[in-house]
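So the sequence lines, in the order shown, correspond to chains A and B.
To convert a position in the first sequence, counted from 1, into my numbering, add 581.
To convert a position in the second sequence, counted from 1, into my numbering, add 117.
Each residue gets a CB set at the ideal place from its N, CA and C atoms; glycine is no exception.
Comments concern the structure below.
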Amino acid sequence: GPLPHDNPDNVRLAERYLHRFYGLPAGLRGRKASLDAFQDKIKEMQEFFKLEVTGNLDENTLDVMQQPRCGVPDVGE
Amino acid sequence: YNHFPRKLKWQNTNITFRIVNYTPDLKKSDVDRAIRNALNVWADVTPLTFKKLNEGIADIMISFGSKEHGDYNPFDGPNGLLAHAYPPGPGIGGDTHFDEDEHWTKDSSTYNLFIVAAHELGHALGMSHSSDPGALMYPVYSYGEGFPLAEDDIEGIQELYGPNPNHRKVKPKPDAPQKCDPMLSFDAVTELRGETIIFKDRFYWRIHPQFVEPEQTLIKNTWPSLPNKVDAAYENPEKDQVFIFSGIRMWALNGYTLVDGYPKYIHKLGLPKSVRKIDAAVHIRETGKTLLFTDEEYWSYDEASGSMDTGYPRSIETDFPGMGDEVDAAAFHYGYLYFFHEHVQYEYSYNSRKVIRVLRANSIFNC
């Protein structure tokens, strides 16, 4: 099947997750700077959950993003 | 554990709270009890006291709402976001909101209001999220029985407010074991469809051949009906089943699904009633036998006939020379048996009947 990080739904879910819990700046992906920010935030989230820090939207990372949880951000103000 | 930036906390220890509205999922008295018990969890380990107000403005205003509910921090319908709370402070500080689109319960079915409230009130008192999967302040929901605070949570909240001067006796959950602790020992090791599952205390690590970093999870998060502690486990690839042992009971898993008809007593395998616990279990595909280790002896179970082989139990020390006489966990890979005992593992050649290497038990984690 398609790799997880290719699936646009997964990308949208990840963007919402990282925006809400890791302070990913809102804005359109596609520009290089925001792609880097996107990957940096994935790494931050993977580090927090002690997942393998790859910056990629792999299955384990998506797994955690889909689990029911508290709405308070994990990091930052 | 983590705190909010600037270590936000309440400046006095007498905190007021008010339950502004109620969920229709539970009786009003059940909601009152869940919130009170959730507050007591933190009061047990700090000097904090909580006084309920029935009107007016309290420090902690507790309410149920769905989607946009007045704080421009909307909920998202069923599942996903369950609740949120604000750090100590004036106005919205300390306020705690529950997503009314969830189904709130007082048992293990989702979502237990007491557990979620205890977590959110941790925020309302100044705790941020913890990355310890066994801590109450871990961001992902998990249901657990008993006192919900782990040592990690208690250290965090006492750093803000100090201990309870009356030293109420509490039994906190032990923190999650650290994979690179040199003294780490294992409870059980098994394969599960190509992954390696390692059980330790309330947790298990899952090692996927394609991922370097093992993933640590609460056992009950994946298998709610399994006990908090596993003694032994093995996979029978022919049946595509993993067998889990704890005390005199055993469970069969088909992937992550529990097989009907379990748990069963381990004596159904043909073990005598005197055996009360299996220390380790390992299936050897080439012979179709499963070895079950108890104290200094081991048994051989023939999977095809579903019966115990005659002539057992036999002495571990006699048949597996070169390693101690007790085993915590065992695994079999490519003709080698791996016996784990305390912080050591022995790589044992099944064919040449001798120990080939002695490694640290957690060398499997590439520490």
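Span separating the alpha-carbon of residue 266 of chain B from that of residue 426 of chain B: 46 Å
Quick one, are the C-beta atoms of residue 205 of chain B and residue 243 of chain B less than 8 Å apart? yes
Cβ atoms of residue 239 of chain B and residue 230 of chain B: under 8 Å apart, would you say? Cβ atoms of residue 230 of chain B and residue 239 of chain B: not closer than 8 Å.
Contact criterion: CB-CB distance below 8 Å. Does residue 333 of chain B meet it with respect to chain A? So yes, residue 333 of chain B belongs to the interface.
Residue from B:211, B:163, B:449 and B:469 whose Cα sits closest to the Cα of residue 313 of chain B: B:449
Can you confirm whether residue 607 of chain A, when its beta carbon is compared against all beta carbons of chain B, has any partner nearer than 8 Å? No, residue 607 of chain A lies away from the interface with chain B (no Cβ there is under 8 Å from its Cβ).
Residue 622 of chain A versus chain B: which residues are under 7 Å apart at the beta carbon? What residue 622 of chain A touches in chain B: nothing, since even the nearest Cβ is about 15 Å away.
What is the DSSP secondary structure of residue 302 of chain B, counted as helix, strand or coil? coil
Contact criterion: CB-CB distance below 8 Å. Does residue 650 of chain A meet it with respect to chain B? yes
For residue 595 of chain A and residue 452 of chain B, what's the separation of their Cα atoms in angstroms? Distance between the alpha carbons of residue 595 of chain A and residue 452 of chain B is about 42 Å.
Out of B:289, B:207, B:279 and B:132, state which residue places its alpha-carbon closest to the alpha-carbon of residue 163 of chain B. B:279
Taking 8 Å as the threshold (C-beta atoms), are residue 397 of chain B and residue 444 of chain B in contact? yes
Any beta-carbon of chain A closer than 8 Å to the one on residue 199 of chain B? yes
Anyone know if the C-beta pair for residue 130 of chain B and residue 170 of chain B falls short of 8 Å? no
Coarse secondary structure for residue 422 of chain B, derived from DSSP in three states: Residue state, collapsed to three classes: coil.
Tell me whether the beta-carbon of residue 241 of chain B lies closer than 8 Å to the beta-carbon of residue 305 of chain B. no
Assuming the contact rule is C-beta atoms closer than 8 Å, residue 650 of chain A and residue 258 of chain B should be a hit. Round their C-beta distance to whole Å, please. 6 Å
Give the straight-line distance between the Cα atoms of residue 176 of chain B and residue 234 of chain B, rounded to the nearest whole angstrom. 16 Å
Going by C-alpha distance, which of B:331, B:138, B:220 and B:211 is nearest residue 236 of chain B? B:211
Can you pull the DSSP bridge partners for residue 182 of chain B? B:216
Top-ranked residue by Cα proximity to residue 223 of chain B, from B:373, B:359, B:260 and B:480: B:260
For residue 631 of chain A versus residue 333 of chain B, is the C-beta spacing smaller than 8 Å? yes
Taking the straight line between their C-alpha atoms, what separation do you get for residue 402 of chain B and residue 408 of chain B? 11 Å
Just verifying my parser: in three-state terms, what is the DSSP assignment at residue 85 of chain B? An answer regarding residue 85 of chain B cannot be provided, because it is not within the stretch 118 to 484 covered by chain B.
Excluding the 5 residues preceding and the 5 following residue 308 of chain B in the sequence, name in chain order all residues of the same chain whose CB lies nearer than 6 Å to its CB. 352
Going along chain B in order, which residues have a C-beta closer than 7 Å to the C-beta of residue 653 of chain A? The contacting residues are 201, 202, 240 and 246.
Below 8 Å on the Cβ atoms is my guess for residue 367 of chain B versus residue 390 of chain B; work out the distance and round it to an integer in Å. Their Cβ separation, rounded to whole angstroms, is 15 Å, which puts residue 367 of chain B and residue 390 of chain B out of contact at 8 Å.
Output, in chain order, the set of chain A residues within a Cβ distance shorter than 8 Å of residue 330 of chain B. 631, 632, 633 and 634
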